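J.: First the structure, which I've put down as structure tokens, then a few questions once you've had a look.
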Amino acid sequence: MTAPMPHSRPIVTRFAPSPTGYLHIGGGRTALFNWLYARGRGGKFLLRIEDTDRERSTPEATAAILRGLTWLGLDWDGDVVSQFDRKDRHAEVAHQMLARGTAYKCFATTEEIAAFRAEAEARGSYALFQSPWRDADPATYPDLPYVIRMRAPRTGETVIQDMVQGRVVIKNDTLDDMICLRSDGTPTYMLAVVVDDHDMHVSHVIRGDDHLNNAARQQMIYQAMDWEIPVWAHIPLIHGPDGKKLSKRHGATGVEEYQAMGYPAAGMRNYLTRLGWAKGDAEIFTTAESLNMFDLDGIGRAPARLDFKKLENTCGHHMAMMEDDDLMRELDAYLIAVAQPQIIEPARATLKSALYCVKERAKTFPDLLDKAHFALSQRPIECDEASAKALDSVSRGILKILTLQLQNVNWTKADLEVILNAACAANEIGFGKLAAPLRAALAGRSAAPSVFDMMLVLGRDETIARLADISA
RNA sequence: GGCCCGUUCGUCUAUCGGUUAGGACAUCUGGUUUUCAACCAGGCAAGAGGGGUUCGACUCCCCUACGGGCUGCCA
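-15 is the number of the first residue of the first sequence in the working numbering; add one for each residue after it.
The following block contains the structure:
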């Protein structure tokens, strides 16, 4: 029984996506966990682009991944590392393994391997490819292209001590001699990750559990090179609401799609942190708090399902918690992201002064804009069907008189209340009967903030002008 | 096929052998109210199935079912 390795070395985590598309929401969460773990402990968080597959890697994808991370507020230390740029180093290590005898040259062609597998399949069994070159005498080597294969142990077992999955035992006879260096001299993923993680001093490998099995083979490379094995933490993938692997048919899968839907980044972080991780009953927390609380043993072992309702609720809390300046700044960024025109003065100032009464009810930025409609629209205010019903001849008359009374009142909530209540009393109506036409005049909608808040935000002149428009 | 991982309210989860199995989201009911939202109070709701181990299992072990992953000169 191997005890979890004590790690005295500095904490270094990394996110290592392959640039074959946008940043997946699951990848974003993996990055977040790495970031939280490192940043919460004064460690480093590195970013490496696994672009060794030249066919599928694109610079556009890399740019999209960087944008997604940046939006999520995940900053990395140092330069972004390109795995492809390090191919010489990978080859160097492969040859060191050769020299150490922990790897060997294999001259088997892909055709031979395919034939081997086909034959095994025909027999109804599944056999791992066993290279005849594993123990061949170098004197018999032909002058042909070769791959460098790991000389993996064929007996015994490899034990992965995982911070999330616990102790995972993989029998060595279920693993073949993986290829480390291809016949064209380029490294395979399995070699490249290990070499890069080692060279980058990565202490904790936190990644999707689709790599759990790979960890065993990678651990063999660490051992073959006598390198210190990192702490493993394989986290479950995110699933769609139906429990199946998250895919396009579930809706948004890209981080940038969530940005475009207008979710505040802090809310997104909170939701993603809490998805598959828990610390007691903590639900809503700031980034600083999550940095403080996050740990690896709070991560669950089962895949979590995405729940938009909870995402919205979490984002709603963050909208309400946000400072007005931060809200405006993120709103600007949101509008740029969705290619909408910026909100400029004087509407901008009005909107900002209205935030206090709309941010508590909004869950997303488009939602915020919609709730602040009264502050952004210009005279004459167009009434929708529902609000227009409140404007009959009687209520118009009441508003007309009210307009006159508003000329000289102190523009404070207390004084406005006095005036409005007096108007209700004079006309022998309940406050609702007055608020409805007033709301129609000020907002043009039946759903809007409190009439007092709207009057305060709009100011005396604008309020009176909007009322006058109605009675005219 | 083989190997690996997983399975607590509809959802995210707490529990780390002894609890009326707790919280949050969703949902339902009531309250507040000036509309919507918010807010407040309350309700409904869970250990996949079967065997063990134990005085006692959600918790430990085994089997089954279901879900996921790996099994590439992809990452």
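Every residue gets a Cβ at the ideal spot worked out from N, C-alpha and C, and that includes glycine. All values derive from a computational prediction rather than experimental measurement.
Please classify R313 as buried or exposed, where buried requires at least 16 other C-beta atoms within 10 Å of its C-beta.
T.: Exposed is the call here.
J.: Quick one: grab the DSSP three-state call for L315.
T.: Helix at L315.
J.: Got a sec, what are the start and stop residues for the alpha helix (DSSP H) R32 sits in?
T.: Not the alpha helix (DSSP H): R32 falls in the beta strand (DSSP E), residues 28 to 33.
J.: Could you tell me the alpha carbon to alpha carbon distance between Y88 and D72, rounded to whole angstroms?
T.: Roughly 18 Å separates the two Cα atoms.
J.: Do you know whose CA, among P287, D119, R450, lies nearest G224's CA?
T.: The shortest Cα separation from G224 among P287, D119, R450 belongs to P287.
J.: According to the Cβ coordinates, are F278 and G52 closer than 8 Å?
T.: Not in contact: F278 and G52 (Cβ atoms no closer than 8 Å).
J.: Among G140, M245, C90, V215, which has the Cα closest to the Cα of D121?
T.: D121 has its Cα closest to that of C90, out of G140, M245, C90, V215.
J.: How many angstroms separate the CA atom of M174 from the CA atom of R201?
T.: Cα to Cα, the separation comes out at about 8 Å.
J.: Taking the beta strand (DSSP E) that D146 belongs to, which residues open and close that run?
T.: Element bounds for D146: 141 to 146.
J.: For C299 versus T348, is the C-beta spacing smaller than 8 Å?
T.: A contact, by the Cβ cut-off of 8 Å.
J.: Closer than 8 Å is the cut-off here; do at least three beta carbon pairs connect the region 27 to 38 with the region -5 to 11?
T.: The region 27 to 38 is in contact with the region -5 to 11.
J.: Starting from W55, trace the alpha helix (DSSP H) both ways and give me its first and last residue.
T.: Segment 43 to 56, the alpha helix (DSSP H) holding W55.
J.: Along the chain, where does the alpha helix (DSSP H) that runs through H301 open and close?
T.: Run containing H301: 292 to 305, per the alpha helix (DSSP H) assignment.
J.: Could you tell me which residues DSSP pairs with S66 in its beta bridges?
T.: Answer is I33.
J.: Which whole-angstrom value describes the C-beta separation of L383 and P421, a residue pair presumed to lie in contact below a C-beta threshold of 8 Å?
T.: About 6 Å separates the two Cβ atoms, so the contact holds.
J.: Taking P214 as the reference, give the member of G416, L16, K232, I205 with the closest Cα.
T.: Checked all of G416, L16, K232, I205; the closest Cα to P214 is I205.
J.: Considering L339, what are the terminal residues of the alpha helix (DSSP H) in which it resides?
T.: Taken as a continuous stretch (DSSP letters only), the alpha helix (DSSP H) holding L339 covers 331 to 342.
J.: Looking at C-alpha atoms only, which residue of A250, D291, F358 is the closest neighbour of L315?
T.: Looking at the Cα atoms, A250 is the closest of the given residues.
J.: Nearest-angstrom Cα distance between A374 and K294?
T.: Each residue's alpha carbon lies about 36 Å from the other.
J.: Going by alpha carbons, who is nearest to L426 out of V402, S377, I413, I454?
T.: Nearest option by C-alpha distance: I454.
J.: Just checking my contact of T54 with R191 at CB under 8 Å: how many whole Å lie between their CB atoms?
T.: At roughly 21 Å, the Cβ-Cβ gap does not stay under 8 Å, so T54 and R191 are not in contact.
J.: If you follow the beta strand (DSSP E) that C408 is in, where does it begin and where does it stop?
T.: From DSSP, C408 is part of no beta strand (DSSP E) but of the alpha helix (DSSP H) over 397 to 411.
J.: Tell me, which residues are paired with A87 by DSSP?
T.: A87 is bridged to M134.
J.: Do three or more CB pairs link the region 339 to 359 to the region 226 to 239 at distances below 8 Å?
T.: As far as the Cβ criterion goes, the region 339 to 359 does not touch the region 226 to 239, which means the pair count is below three.
J.: Here's a check: name, in chain order, each residue in its chain whose Cβ is nearer than 7 Å to the Cβ of A331, leaving out the five neighbours to either side.
T.: L360, listed in sequence order.
J.: Mapping the DSSP letters down to three states, classify W216 as helix, strand or coil.
T.: Of the three classes helix, strand and coil, the one that applies to W216 here is strand, per DSSP.
J.: What are the start and end residues of the beta strand (DSSP E) that includes R151?
T.: Element bounds for R151: 150 to 155.
J.: Give the list of continuous alpha helix (DSSP H) stretches no shorter than 4 residues that lie fully inside the region 177 to 211.
T.: Here the runs fully enclosed are 196 to 209.
J.: For my contact list, G260 and I219 are in at a C-beta cut-off of 8 Å; report their separation, rounded to the angstrom.
T.: The Cβ separation is near 7 Å, so the contact holds.
J.: Assign Y125 to buried or exposed, taking buried as 16 or more other Cβ atoms, counted over all protein chains shown, within 10 Å of its Cβ.
T.: That one is exposed.
J.: Could you give the C-beta distance for Q203 and T158, rounded to a whole number, given that I count them as a contact under 8 Å?
T.: With a Cβ gap of about 14 Å, Q203 and T158 do not count as contacting.
J.: How should V148 be labelled, buried or exposed, when 16 other C-beta atoms within 10 angstroms of its C-beta is the threshold for buried?
T.: By the neighbour-count rule (16 or more Cβ atoms within 10 Å), V148 is buried.
J.: With distance defined between alpha-carbon atoms, name the residue in T(-3), D37, A432, G62 nearest to H182.
T.: Ranking the options by Cα distance to H182, first place goes to T(-3).
J.: What's the gap between the Cα of V393 and the Cα of A406?
T.: For V393 and A406, the distance between alpha carbons rounds to 13 Å.
J.: When you compare the CB positions of L221 and D180, do they come within less than 8 Å of one another, or not?
T.: No, they are not a contact pair.
J.: Under the DSSP definition of a beta bridge, which residues are partnered with K229?
T.: H223, per the DSSP bridge assignment.
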